[in-house]
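Working notes for the structure below.
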Amino acid sequence: MTSLATLATAESAVHAATGFTAYTWLLVALPVLGAAVLLLGGRATDGWGPLFATLMSWGSFVVGFVLWMLMLGRGADERAASIHLFDWVPAGSFHVEAGMQLDQLSMTFVLLVTFVGSLIHVYSLGYMEHDPDKRRFFAYLNLFVASMLLLVLANSYLLLYVGWEGVGLASYLLIGFWNHNPAYATAANKAFVVNRVGDFGLSIAIMIMFVTFGRVDFAGVFAGASHASPGVLTAIGLMLLLGACGKSAQFPLQSWLGDAMAGPTPVSALIHAATMVTAGVYLVVRSHAIFDLAPNARLAVVIVGTITLLFGAIVGCAKDDIKKALAASTMSQIGYMMLAAGLGPVGYAFAIFHLLTHGFFKAGMFLGAGSVMHGMDDQVDMRRFGGLSGAMKITWVTFGFGWLAILGVPPFSGFWSKDKIIEAAFIGEGWRPWVFGGAALIGAGITAFYMSRLFFMTFHGKRRWVDSGPGALHPHESPRTMTVPMMVLAVGSAFLGLILSVGGTFVSWLEPVVGAHAESEPVLPVWALMTLTLVLVAGGIALAWMRYWRDEVPATAPTGSLLTQAARRDLYQDDVNEGVFMRPGVHLTRSLVFADNRGVDGAVGGLAALVGGTSSRLRRVQNGFARSYALTMLAGVVAILGALWVIQ
262 MTSLATLATA ESAVHAATGF TAYTWLLVAL PVLGAAVLLL GGRATDGWGP LFATLMSWGS
322 FVVGFVLWML MLGRGADERA ASIHLFDWVP AGSFHVEAGM QLDQLSMTFV LLVTFVGSLI
382 HVYSLGYMEH DPDKRRFFAY LNLFVASMLL LVLANSYLLL YVGWEGVGLA SYLLIGFWNH
442 NPAYATAANK AFVVNRVGDF GLSIAIMIMF VTFGRVDFAG VFAGASHASP GVLTAIGLML
502 LLGACGKSAQ FPLQSWLGDA MAGPTPVSAL IHAATMVTAG VYLVVRSHAI FDLAPNARLA
562 VVIVGTITLL FGAIVGCAKD DIKKALAAST MSQIGYMMLA AGLGPVGYAF AIFHLLTHGF
622 FKAGMFLGAG SVMHGMDDQV DMRRFGGLSG AMKITWVTFG FGWLAILGVP PFSGFWSKDK
682 IIEAAFIGEG WRPWVFGGAA LIGAGITAFY MSRLFFMTFH GKRRWVDSGP GALHPHESPR
742 TMTVPMMVLA VGSAFLGLIL SVGGTFVSWL EPVVGAHAES EPVLPVWALM TLTLVLVAGG
802 IALAWMRYWR DEVPATAPTG SLLTQAARRD LYQDDVNEGV FMRPGVHLTR SLVFADNRGV
862 DGAVGGLAAL VGGTSSRLRR VQNGFARSYA LTMLAGVVAI LGALWVIQ
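Note that my numbering has the sequence shown beginning at 262, numbered continuously upward.
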């Protein structure tokens, strides 16, 4: 109830934008301009287009930074502002305006998307330097950033949906950027199709909102939520969760994320750190007014997050492809965020906090993976790496900062955000804190193992690459355009969590939007939880050190246990999808085709043949002989008389 009271206050405190805040639309307009110029300008922009797109992205960050400074100058309850753009859907009593809402939550995303996104633009200048179609690549990057900004700045679910679909389109274009490779094109199609399942859920949620509240803007929906029935709110919450599962690769719609590694590495960094997969977490936290009144839907969010964090961690343990191992870790870390978001007021701020720190250390590690591939002739198999710390010192150090951050080693950023989620998961009564908190705790230990496995197999142990003769590799450090963004992100990986934790800075920042919550104690003391977490993390690191640094790493993966074999196949998620959805669909389609051919077409064809045959026989009766006609008439008269005699 505390949360709802705070919400009401927060919603009423949204003021019309004035001054420079009225130009918030520039955040979206600048990257849109960049994409339009590069796509419409064609080959004429090949030379300067990528740099222009990068400047547009940085321009958007500068606008966001100025807006943030202006926001800091106002009181906490006066920071939210609405920006009217134009009347969008005037249809009788249904009216939707295209507008933006700039508050503490959307501003957090604006700074993350524009800053990390701009660093990835700079990195791409070096990574894609020799690609003949890099102009188109940068246009898609601008489109991706613009779509994500529209998603988080929208003041209604309908406009949010436009950004939601824009992100889906941009990801499809970028994942399949090298679509001359059939496998890459298939991966893009898979991401597109799986996301459509989630999008269907979001569209249904918006329709229910329209039927229930008559409005789809945030203010109208949240104000009407307290008057809606629990069943309707639960239905809306579950449909929103379905949308979040698709976009954020959560169970059971997570199968597309690993294959999405087919795109260029900067795309992976952008999708996994600053855009796309974070959209589901944003949607749940933005819709907290609905989830607070629908406890069953919120419980479903916790369950999905818990399953996914363990699912991703187990899959990550068996991957030898460096990018796919990182993709599994993204799935797991987003699972932590969803778990926190499902906990309600006690977890909303921590979900966004971990999303923010994760954006830095995951982007840094993906760019580091791209740097390793750059120096290893696009090799991605970690069993062919080893000992790269000496050849790629900058990549090693910056990646190491990200590794320590995701492990939750103090004082790196992940320690301050993920540990808060673990503590929050242990708050509550009954079985829930033990199940959800225990899963979060175990997930921390597994994360320490598989991320240490990745780090040691890549940078330490014996060298396993060929350094002489045919096919020899010569690892080398990447150019400055690639290493400088990695160094900046490494600084964030090290200190951002600490800075935002001082005095509860970040939690206080978000409180006017997501609501305050009463202080609650976990079922185990905080010091005990922290000690247990660090012990599990240390155990995971030690186990990985023994198996992948101290011991010899075979160039060919051993068969392994049944669990390892299952993890290599992503715990059979594709097999399940094929068995549950694809094959029944194929059989249903074939059955319908058979019924159509043999039933509908067969019946119509048979009737036509019957009429045709009968007509053909009757035609023989008309032979032109009068005696035949007289005999026919006589037969008819006899038949009629016979019928009358029988009736009488």
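Ideal placement from N, C-alpha and C gives every residue a C-beta, glycine not left out.
All values derive from a computational prediction rather than experimental measurement.
Distance between residue j and residue i (C-alpha atoms, nearest Å)
i    : j    : result
F313 : G295 : 7 Å
I551 : I497 : 8 Å
L824 : A359 : 50 Å
L380 : A751 : 12 Å
R223 : G866 : Past the boundaries of the shown model lies residue 223; the chain is included only from 262 to 909, so the question cannot be answered.
H276 : A342 : 5 Å
L905 : V898 : 11 Å
V545 : G603 : 8 Å
L892 : D862 : 40 Å
L268 : V768 : The pLDDT assigned to L268 is 45, lower than 50, so where the model puts this residue is not dependable, and the model offers no usable value.
L265 : G776 : Only weak support is given to the placement of L265: the predicted model assigns it a pLDDT of 43, under 50, and the question is left unresolved by the model.
A896 : L868 : 28 Å
G800 : G320 : 45 Å
K654 : G663 : 14 Å
M317 : I467 : 32 Å
G507 : D638 : 33 Å
S432 : V528 : 8 Å
M791 : H615 : 17 Å
V565 : R559 : 10 Å
I465 : S729 : 59 Å
N-terminal and C-terminal residue of the alpha helix (DSSP H) that residue i is part of
i    : result
Q640 : Run containing Q640: none; DSSP gives neither H nor E here.
I467 : 443–474
L587 : 583–603
S529 : 526–530
H848 : 844–855
R830 : That residue, R830, is in no alpha helix (DSSP H); it is neither H nor E in DSSP.
V841 : Premise fails: V841 is in no alpha helix (DSSP H) and is neither H nor E.
A652 : Taken as a continuous stretch (DSSP letters only), A652 belongs to no alpha helix (DSSP H), as it is neither H nor E.
R881 : 862–882
N557 : 556–577
A705 : 693–720
K580 : No alpha helix (DSSP H) holds K580; DSSP gives it neither H nor E.
A891 : 887–908
G912 : The requested residue 912 is not part of the displayed model; the chain covers only 262 to 909.
Enclosing beta strand (DSSP E) for residue i [first to last residue]
i    : result
Q362 : 355–363
P351 : 342–352
Of the residues the options, the one placed nearest residue i, counting alpha carbons only
i    : options                : result
S487 : L531, D553, P527, L757 : D553
V745 : Y388, A297, L363       : Y388
G280 : P292, T659, M332       : M332
P525 : A561, I564, A446       : A446
N450 : L434, L463, G462       : L434
R725 : V324, P672, A709, W810 : W810
S754 : G303, K584, G629       : G629
D794 : F710, V847, S822       : Correcting the residue type first, residue 794 is Thr in the shown sequence and not Asp. T794 has its Cα closest to that of F710, out of F710, V847, S822.
R547 : L501, A870, V493       : L501
A534 : S509, W517, N557, D520 : S509
E780 : G689, F405, G821       : G689
G310 : N403, L328, T282       : N403
F572 : D338, I703, I465, G492 : I703
H778 : L902, V607, Y890       : V607
R714 : E813, L759, G636, I683 : E813
Beta-carbon proximity of residue i to residue j, cut-off 9 Å
i    : j    : result
V774 : D364 : yes
F611 : L757 : no
V798 : V670 : yes
A505 : G459 : yes
L514 : V423 : no
L531 : M522 : no
A540 : V371 : no
Q594 : I707 : no
T495 : A415 : no
F720 : F627 : no
S354 : G475 : yes
M599 : V542 : yes
H258 : Y609 : Residue 258 lies beyond the range of the chain shown here (262 to 909); nothing can be said about it.
W210 : A624 : Nothing can be reported for residue 210: it is not among the residues displayed for the chain, which extend from 262 to 909.
F322 : F376 : yes
V563 : F697 : yes
Residue i CB to nearest heavy atom of the ligand ADP below 8 Å
i    : result
S739 : Within the structure as shown, the ligand ADP is missing, as the structure has no ligands at all.
task: Write down every uninterrupted run of the alpha helix (DSSP H) in the region 385–443 whose length is 4 residues or greater and which is fully enclosed by it, in chain order.
output: 395–414, 418–436
- prompt: Can you list the alpha helix (DSSP H) stretches of 4 or more residues lying completely in the region 724–794, in chain order?
  reply: 741–762, 766–775
field: Ranges of the alpha helix (DSSP H) found wholly within the region 476–554, counting only runs of at least 4
entry: 479–486, 491–508, 517–520, 526–530, 540–547, 549–553
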